[in-house]
Each structure stands twice: as structure tokens, then as C-alpha cells.
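Below is one structure; the comments refer to it alone.
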Amino acid sequence: MDVKLRIHRFVEGRKWEQDYTVTLKTGMTVLEALIEIKEKQDPTLSFTCSCRSSICGACAVRVNGNAELACEMLVENLVKRYDTNELIIEPLGNFKVIRDLVVDWDPKYARIKKIKPVVQPKAEFSKETGCKQSPEDFNKYKKYAGCILCGSCVSECNKNTLNQADFLDPFVFVKAEKLVADSRDKSPEEHLKAVVDAGLWRCFNCQECTAKCPKGLDPAGAIEKLKEATFAKKLDDNVGARHAKAIYDDISESGTLDESKLNIKSEGFLMAGLRAPMALRLMRVGKMNPLDKHKVNPEIETIRKIVKNAEAAAKEAE
Numbered sequence: 001m002d003v004k005l006r007i008h009r010f011v012e013g014r015k016w017e018q019d020y021t022v023t024l025k026t027g028m029t030v031l032e033a034l035i036e037i038k039e040k041q042d043p044t045l046s047f048t049c050s051c052r053s054s055i056c057g058a059c060a061v062r063v064n065g066n067a068e069l070a071c072e073m074l075v076e077n078l079v080k081r082y083d084t085n086e087l088i089i090e091p092l093g094n095f096k097v098i099r100d101l102v103v104d105w106d107p108k109y110a111r112i113k114k115i116k117p118v119v120q121p122k123a124e125f126s127k128e129t130g131c132k133q134s135p136e137d138f139n140k141y142k143k144y145a146g147c148i149l150c151g152s153c154v155s156e157c158n159k160n161t162l163n164q165a166d167f168l169d170p171f172v173f174v175k176a177e178k179l180v181a182d183s184r185d186k187s188p189e190e191h192l193k194a195v196v197d198a199g200l201w202r203c204f205n206c207q208e209c210t211a212k213c214p215k216g217l218d219p220a221g222a223i224e225k226l227k228e229a230t231f232a233k234k235l236d237d238n239v240g241a242r243h244a245k246a247i248y249d250d251i252s253e254s255g256t257l258d259e260s261k262l263n264i265k266s267e268g269f270l271m272a273g274l275r276a277p278m279a280l281r282l283m284r285v286g287k288m289n290p291l292d293k294h295k296v297n298p299e300i301e302t303i304r305k306i307v308k309n310a311e312a313a314a315k316e317a318e
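Shown next, in the form of C-alpha cells:
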């Protein structure tokens with residue numbers, strides 16, 4: 001069976017789509033298809049690859065709008081998934097494109113510096129004794145050491161699509177959680193303060209980064225762990241943390257959200273006052289009435305038990 005690959009091209013500021021046809025072979029990956037096109041049909045096609053073993057992350061591209069590792073994704077599986085023999089291949093989203101499927105990583109690497117990405121050993125360690133830790137402590141962050149910097153999480157991050165200036169890339173938060181969870185580091189507060197200042201609480205929680213991570217690292221989960229750590233380290237004097245606490249308090253006390261007071265609890269009276277026009281519009285359409293008494297959910301005791309069980313499960317998982 002022949003498969004048509006419609007590839008997004010970009011050369012010296014000119015953009016276009018170009019169709020190529022490859023004969024589907026059992027076990028053919030997207031990367032193998034790209035290499036076949038470059039070697040046999042069009043030597044001008046540009047893309048990046050290195051290990052071809054799902055280790056380096058260099059070959060990540062978008063296929064039919066979803067980030068994939070080209071070296072591990074089988075063409076036949078994509079044909080079955082989308083029920084078509086025409087696949088659209090384009091560069092990763094939320095990156096500057098250099099040429100064809102090649103994107104510029106330099107600005108992304110530069111952003112990693114914001115989290116102070118180096119373990120600062122505790123005073124108890126030395127060159128002679130080394131920086132030892134227990135297997136249990138190592139296991140707390142071992143998973144996050146598996147990030148291969150493929151960029152799939154960045155490509156599908158809705159917050160990055162909206163605005164990258166006030167929010168780090170998901171893989172950077174993964175790196176930050178690895179450092180914060182590392183028992184050898186003497187000052188996790190430094191990394192935490194850096195991620196708070198760089199937009200930790202601006203995450204949309206859309207879960208796209210986790211859904212598209214080829215290594216199953218759960219970047220969205222890493223972001224949530226960092227948020228939890230800010231409370232533990234008393235770095236919660238910001239709008240995002242106050243908003244989360246206000247929701248927690250409402251759910252614990254009444255089982256429902258008191259949206260008429262949520263902004264006041266999160267931003268304070270002054271900033272909430274600036275949102276008065278929106279509040280008036282909500283009142284006019286019956287979405288909010290500050291004069292109504294906040295109702296208590298009749299299942300409040302069940303809700304409280306669920307909250308306590310969730311907290312207990314989270315502690316056991318630590």
C-alpha cells in the first residue's frame with residue numbers, strides 16, 4: 001500500500017506543503033519514511049535525527065496535529081489510527097522553524113537557566129564522601145530524569161501557544177521537580193521561587209503535555225507537585241496559590257465553590273474591584289448573586305471524606 005506524506009516545507013521565509021508517496025513496509029517508522037524521501041526523492045528535505053532509538057528526542061515532529069517521536073511511531077499504526085493513507089507532517093508547535101521540520105532549540109535551552117538547574121550539595125557532603133542518598137530518595141525523582149528533551153510537551157502546550165513570555169516550557173518544570181525532589185540539594189526553595197516567578201501557577205492544566213510525552217513522564221503531574229511544594233516551603237503568597245487555597249477551603253467547608261468571593265480571596269479587594277464590570281455582567285445573566293447565601297452541599301460529609309482520603313493517598317505516594 002502507498003502512503004502519501006504531506007510535509008510542511010519552510011525555506012528562507014517561504015512556506016508551502018509538498019506531497020510525497022512512500023510504499024508502506026512492515027515496521028516502517030515515520031523517520032524511515034522521511035529518510036527514504038530524502039535519499040530517493042528529494043535531497044533538499046530537512047529534518048533532524050540522531051539515535052533512532054527513542055533516546056535522543058531529536059526527531060520529534062507533528063503528525064496529523066499531534067507530536068510524535070518519528071523514530072518510534074510506525075506509519076502503519078498512524079494509518080490505522082486516523083483511518084487514512086494520507087498523513088500530514090509538520091514541525092513541532094511553539095518553536096521557531098529554521099527549515100522544513102527543523103526547529104530552533106536555543107531559546108528553549110536558555111529558558112532552563114531560569115530554574116537554576118544545578119544541584120547545590122548540602123554541607124554534609126564532601127569530595128571524599130560524595131553525595132550519597134538512599135534508593136528511596138532516588139526513586140522520588142528518578143522518573144523525571146528520563147526526559148529526553150524531545151519537545152513534544154512544548155508543542156502541544158496550550159499555555160505556550162497563547163503566550164510563552166510568562167510561562168516556562170513543560171519540560172523545564174519537569175527538570176525543576178527533579179531538582180526540588182532531590183534530597184541532596186541544600187536549597188529547593190531557590191528552584192521553587194524561580195518556577196513561581198516564571199509562571200508555575202499559569203498552567204491551564206489541559207494535560208496535553210502529559211498526553212503527548214513519549215516517555216510517560218507526566219509533566220502536568222510535575223507541575224502539580226511543584227505547586228504542592230510551594231505550600232510546604234511557605235512560598236504561597238501569590239494569586240495562584242491563594243486561588244487554589246480558596247477553592248480547597250470552599251470545597252472542604254461547603255462542598256461547593258462560592259464564586260462571588262473567589263476573586264476577592266485570590267486577588268484581594270483592590271484587584272477584584274477592577275473586575276466589577278465582569279461581575280455586573282454575570283449578575284445580569286443570573287450567573288452570580290452576591291446577596292444569595294452560599295449553600296452547603298447535602299453530601300458535604302462524603303465530600304470531606306473524599307478530600308481526606310485523597311490527602312492520605314498523596315502522602316503515601318511521597
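First residue of the sequence shown: 1, per full-length UniProt numbering; consecutive thereafter. C-beta atoms are modelled at their ideal positions from N, C-alpha and C, and glycine is treated no differently.
Here Ala-70 is near Val-61, since their CB atoms are less than 8 Å apart. For Ser-134 and Cys-56, the gap between their C-alpha atoms comes out near 28 Å. Residues Val-172 and Lys-175 of the same chain have their beta carbon placed closer than 7 Å to that of Ile-112, with the five preceding and five following residues left out of the count. Less than 8 Å divides the Cβ of Asn-94 from the Cβ of Thr-161.
Counting of Cβ neighbours within 10 angstroms places Glu-39 among the exposed residues, the total staying below 16. Under the criterion of beta carbons closer than 8 Å, Cys-150 and Pro-107 do not qualify as touching, at roughly 16 Å. Counting only residues of its own chain and dropping the five nearest sequence neighbours on each side, Asp-236 has a CB closer than 8 Å to the CB of Thr-230, Arg-242 and Lys-245.
DSSP lists Gly-130 as the beta-bridge partner residues of Ser-126.
Secondary structure of Tyr-20 (DSSP, three-state): strand.
Contact check between the segment 140 to 154 and the segment 199 to 216: three or more CB pairs, one atom from each, fall below 8 Å, which counts as touching. Taken in chain order, the unbroken stretches of beta strand (DSSP E) that lie wholly in the UniProt domain "2Fe-2S ferredoxin-type" (1 to 95) and span 3 residues or more are 2 to 11, 14 to 23, 60 to 63, 66 to 69 and 86 to 90.
Using a Cβ distance threshold of 8 Å, Ser-155 and Leu-92 count as a contacting pair.
The closest CA to that of Cys-206, considering only Ala-198, Ser-183, Cys-153 and Arg-184, is found on Cys-153.
Remark: C-beta atoms of Leu-226 and Leu-192 approach each other more closely than 8 Å.
The beta carbon of Lys-116 is closer than 7 Å to those of Glu-190, His-191 and Ala-194 in its chain, skipping five residues each way along the sequence. Counting along the chain, Arg-99 sits inside the beta strand (DSSP E) bounded by residues 97 to 99. Distance between Lys-142 and Ala-181, taken at the CA atoms: about 9 Å.
Distance from the Cα of Asn-66 is smallest, within the candidate group Val-11, Ser-54, Arg-52 and Ile-89, for Ile-89.
Counting along the chain, Leu-280 sits inside the alpha helix (DSSP H) bounded by residues 276 to 284. In the DSSP assignment, Ile-115 falls outside any alpha helix (DSSP H) and carries neither an H nor an E. As a beta-bridge residue in DSSP terms, Asp-185 pairs with Pro-121. For Cys-209, the uninterrupted alpha helix (DSSP H) run begins and ends at 208 to 212, by DSSP. Straight-line measurement puts the Cα of Thr-44 at about 21 Å from the Cα of Met-28. Per the coordinates, the alpha-carbon of Ser-183 lies some 33 Å from the alpha-carbon of Glu-68. Beyond the five residues adjoining it in sequence on each side, Ala-220 comes within less than 7 Å, by CB distance, of Asn-205, Gln-207, Cys-209 and Thr-210 in the same chain, given in chain order. Separation of Leu-74 and Val-30 (C-alpha to C-alpha, rounded to the nearest whole angstrom) is 6 Å. If the five residues before and after Lys-295 are omitted, its C-beta is found closer than 8 Å to the C-beta atoms of Ser-254 and Thr-256, all from its own chain and listed in chain order.
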